[in-house]
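Working notes, structure below.
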């Protein structure tokens, strides 16, 4: 069971969520899917993947290799400072690049919500170990719910999947004793609210 929990934690790692969210948005039955050229959509997905997943992950592994952090789980507040700071920088970089290309505002707002979520995760984790995994899953769920209302889309099946996945991730983090139930619930709430507010306002 712990092996399965680790696999789920890796699949739905917080750094994969922005890319997953962008891919889902691009494949909705909306003008975003049909109005944008394939090459632009591919470029945005690659930008998001490289800036919010590949580079931060490589940086974290480099820190681990240099013994600056003990593991990629970053169990202490001190270990999280450099990885979070580096990640936040590249989230802002992604926002900057998105602003330069002709993409729908709702996608830029999604990235704003993700960036605010990471900043809050960093600040809270300096004092209390909130679940970054659930911040990511809560953010994805909140974003899809907000987008479904703003664009008048039927995303019930996708939203149901994100709720199910969130439950699996939460159970995995508890099984691995990485967080308490309060840290898991708080994480989901923070991510959810960040995206609801970002996309609607």
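Numbering (the numbering used here), first residue to last: 17 to 217. Ideal Cβ positions, reconstructed from N, Cα and C, are used throughout, including at glycine.
Item                                                                                                                                                                                            : Value
Go through its chain and collect everything with a Cβ distance to residue 20's Cβ below 8 angstroms, but skip five positions before and after it.                                               : 188
Excluding the five sequence neighbours on either side, which residues of its own chain have a C-beta within less than 8 angstroms of the C-beta of residue 99, listed in chain order?           : 72, 75, 76, 79, 85 and 90
Would you call the CB atoms of residue 174 and residue 28 closer than 7 angstroms?                                                                                                              : no
Would you mind sorting residue 166 into buried or exposed? The rule is 16 or more other CB atoms within 10 Å of its CB.                                                                         : exposed
So what's residue 53 in DSSP terms, helix, strand or just coil?                                                                                                                                 : coil
Using a Cβ-Cβ cut-off of 7 angstroms (strictly less than) and excluding sequence neighbours within five positions of residue 17, which residues of its own chain qualify?                       : 191
For the segment 112-125 against the segment 135-145, do three or more pairs of beta-carbon atoms, one drawn from each stretch, fall closer than 8 angstroms, so that the two count as touching? : no
When you compare the CB positions of residue 154 and residue 208, do they come within less than 7 angstroms of one another, or not?                                                             : yes
In the segment 27-76, which residue ranges form an unbroken alpha helix (DSSP H) of at least 4 residues, counting only runs that do not cross its ends?                                         : 33-42, 47-51 and 54-65
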